[in-house]
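*Asks:* In our numbering, the protein residues as written are 132 to 530.
This is the structure I have questions about; it appears just below.
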Amino acid sequence: MDVIDALEAKIAKVEKDIEAVEGQIATCTDKETLVYLRDKKKQLRDENNHLLEKELILLRNAAATTVLPPDPSSGLPSYYQRFLKLLSLGKITTPNPVVLAAIKRRCPSRLWMVDNCDDAVDLYREAQLFPGPSTEGHLLTQLGLRVNGPLFPNPADGPASLLVGATDDGSPVVVKLLRGVGTAGAQQPGGAEAEACRVLMESKPAAVPLVPVRIVTFEIGINHVSVVGRAPGLYAALCMPRYVSSLRSMVQLSAAAVLAGGRRMVAALEWIHDKQYIHMDVKADNIFVDMEGRWWLGDFGSTVRKGSPVTSTTTWFAPRKVLDLPAEPQYDWHMLAVALVCEMNRKSWKELLVEDGCSPSKNLIAAVKELHGRDGCAELARFLNDELLTRAGCSAALP
Ligand SMILES: Nc1ncnc2c1ncn2[C@@H]1O[C@H](COP(=O)(O)OP(=O)(O)O)[C@@H](O)[C@H]1O
Ligand SMILES: [Mg+2]
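See the structure below:
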C-alpha cells in the first residue's frame, strides 16, 4: 500500500466514525451526552480536514514530480510529455495537476496508450469524474447511498464514473456520476443525460422496462474541490439497480428468449417515443438483464428530443451516418432489429450487416430472411419483420 492509499484508508475510517457519531446524535436524548457527542464529531471533522489537506499535498507533489522533463540520455520516450502535448492540441493547455496525478496513479497504462488528442481529452475528462479519494463516496453517503468502489476496478474494462454501492435499505445499486455542473438556481446539473432521465422517469409505471434511474444531486464545495479535482458546483449522479449483466456479456440465448426480450424492448421504446424522445443507442451493451432474465433498456447518454440533431450514437448499428441529422423513431427500431439479429449471429454479425461502417436496411432484411429459414427461429423472424422492420421503414417479403 502506498502512502496515498494508506491516507485514503484513514480518511474512509474517520468518515465512518463521523457517520457513527451522527447516528448516535440522531437518537440521543440525554443533554450531556449530546454535548459530548457534538464535540467528538467536531474533533473528527477537524481530523478529516487535516487528512484531506495532507492528501492534497501528496497528490500535488506526485503531479509535480511527473512534469519533470525526461532524461534525454535515457533514450526512452516520455509518454507523459506526449500526453501533455496531446492535451494542449485538444485545447487543455493548463491541465489540473491533481487530475493528472489521478490518471498517473489509477490508470498509467491508458496514459501510455493514448495516441491522439481526442482520446487524450476524453481520458482527461473522464479522470475529472474519478471518484475522489472517498470524498464523493462521503457525499453520496449523505444521500442515503453507500458507495463501495468502482464497478470496473480495472479502468480499461469500463468507465471510472460508475460506482457500486447499496441504498440504505440494502439494495445493490450502480451510481453513474454525470458530467455537467449546474449553477446555483439556474442550470440543472448532469447535462442532457440527466435531463432525458428526468422526462423519461416521470410517472413511469414499474412495468415499463426502462432501467429505473433516480437522479441525485450533490454539491462539491470548496473543501472537496481540491481533492476530487472538480470545479465547485452542483453535480448529478444516476442511481439504478445493479443488474446481473448487460446483454452483451450474457451467454448465447435461445430464439425464444431473444423474442421475449425484444418484445420488452418494444414497450421500452414506445414509452420513450411517447415522451417525444429518441434513445439513439439501442444495443446489447445498453440492455441490462436481471436475475429473472428480463431485459431493461438503459444508458440515456445519447437520448435526444425527437427531431433534434443526433449528438451521439453507435454508427455501426445505424442504417446510415446519422450524426447531426434530426432524430427519428425509425432509427431506434432499426437499431433494435440490428441488436436482435446480432444476438442470433454472434460470430458473424459484422460480415452480415456492416457496410461502410453502418448496418444498411438491405443487409438487415437479408439477415431476417435467413433467420426465418432457420430451425426454431421463424417466430422471431416474423416479429422482427412485422414489428421492427416495418416501423423502421423497410420490410422483407417473408414466405
Ligand atoms: N446498473 C448496472 N448494472 C450492471 N452493470 C452496469 C450497470 N450500469 C452500467 N453497467 C455496465 O457498465 C457499462 C457502461 O454503462 P452505461 O450506462 O452504458 O455507460 P456509458 O454511457 O459509459 O456507455 C454497461 O454496458 C454495463 O456493462
Ligand atoms: Mg452504454
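Here a beta-carbon is modelled for each residue, glycine too, at the ideal position from N, C-alpha and C.
#1: Just list the residues that DSSP pairs R373 with in beta bridges.
#2: What are the boundary residues of the alpha helix (DSSP H) that G154 is part of?
#3: Please state whether DSSP places C508 in a helix, a strand or coil.
#4: Secondary structure at N279, three-state DSSP: helix, strand or coil?
#5: Count the other C-beta atoms from every protein chain shown that fall within 10 angstroms of the C-beta of L454, then say buried if there are 16 or more, exposed otherwise.
#6: Strictly under 8 Å for the Cβ-Cβ distance: is S302 near chain B by that measure?
#7: Would you check if the distance between the CB atom of N494 and the CB atom of L484 is smaller than 8 Å?
#8: Looking at the structure shown, is F514 part of a helix, part of a strand, or coil, going by DSSP?
#9: Three-state secondary structure (DSSP) at F431?
#10: Please report the Cβ distance between S490 and A458, rounded to the nearest whole angstrom; I am assuming they are in contact, meaning their Cβ atoms lie under 8 Å.
#11: Could you check where the alpha helix (DSSP H) with P239 kicks off and where it finishes?
#12: If I'm right that A386 touches M475 with Cβ under 8 Å, what's the distance once you round it to whole angstroms?
#13: Counting Cβ pairs, one atom from each stretch, are 3 or more of them under 8 Å apart for the segment 289–304 and the segment 388–396?
#14: Under 7 Å, CB to any heavy atom of ligand 2. Which residues pass, going along the chain?
#15: What are the start and end residues of the alpha helix (DSSP H) that includes L495?
#16: Along the chain, where does the alpha helix (DSSP H) containing V469 start, and where does it finish?
#17: Hey, G321 and V306: beta-carbon distance below 8 Å or not?
#18: Do the CB positions of P281 and Y255 come within less than 8 Å of each other?
#19: Under the rule that 16 or more other beta-carbon atoms within 10 Å means buried, what is I142, buried or exposed?
#20: In angstroms with no decimal places, state the Cα-to-Cα distance between C328 and M371.
#21: Any contact of the segment 331–338 with the segment 439–448, i.e. 3+ C-beta pairs under 8 Å?
#22: Confirm the yes/no value for this check: CB of M396, any heavy atom of ligand 1, distance under 7 Å.
#23: Does any heavy atom of ligand 1 sit closer than 7 Å to the C-beta of A448?
#24: For R373, verify whether its CB is less than 7 Å away from any heavy atom of ligand 1.
#25: Using the Cβ count rule (16 or more neighbours within 10 Å means buried), how would you classify E146?
#26: Indicate the three-state DSSP secondary structure (helix, strand or coil) for R310 in the structure shown.
#27: Going by other Cβ atoms of all chains shown within 10 Å of its Cβ, with 16 needed for buried, is E324 buried or exposed?
#28: Which term fits R310, buried or exposed, when burial requires 16 or more other beta carbons within 10 angstroms of its beta carbon?
#29: Give me whichever residues DSSP pairs with L293 in a beta bridge.
#30: When DSSP labels each residue in this structure, what does C525 get in the three-state scheme?
#31: On the DSSP bridge assignment, give the partners of E350 in chain order.
#32: Have a look at the DSSP bridge pairing and note the partners of V420.
#33: Looking at the strands, I want to know which residues DSSP matches up with Y167.
#34: To which residues of the same chain is R451 closer than 6 Å at the C-beta, ignoring the five residues directly before and after it?
#35: How should R522 be labelled, buried or exposed, when 16 other C-beta atoms within 10 angstroms of its C-beta is the threshold for buried?
#36: Should P264 go down as buried or exposed, given a rule of 16 or more other Cβ atoms within 10 Å for buried?
*Replies:* Taking the geometry as given:
#1: The partner list for R373 (beta bridge, DSSP) is empty, contrary to what the question assumes.
#2: 134–158
#3: coil
#4: Note: N279 maps to strand in three-state DSSP.
#5: exposed
#6: Checking the listed chains, one finds no chain B in this structure; it contains a single protein chain.
#7: Contact: yes.
#8: For F514, the three-state secondary structure derived from DSSP is helix.
#9: coil
#10: Between A458 and S490 the Cβ distance is about 17 Å, and since that is not below 8 Å, they are no contact.
#11: 239–244
#12: Sure, about 7 Å apart at Cβ, within 8 Å.
#13: Touching, no, given that fewer than three Cβ pairs across the two stretches are closer than 8 Å.
#14: D412, D416, N417, D430, G432
#15: 492–503
#16: 460–475
#17: no
#18: no
#19: buried
#20: If I take the Cα positions, the gap works out to 11 Å.
#21: no
#22: no
#23: Before going on, a small fix: residue 448 reads as Phe here, not Ala. Outside the cutoff, so no.
#24: yes
#25: buried
#26: coil
#27: buried
#28: buried
#29: K307
#30: Of the three classes helix, strand and coil, the one that applies to C525 here is coil, per DSSP.
#31: L365
#32: Listed as beta-bridge partners of V420 by DSSP are S376, W426.
#33: In the DSSP output, where bridge partners are listed per residue, Y167 has none listed.
#34: C489
#35: buried
#36: Here P264 scores only 45 on pLDDT, less than 50, and its place in the model should not be relied on; the value that follows carries that caveat. P264 comes out buried.
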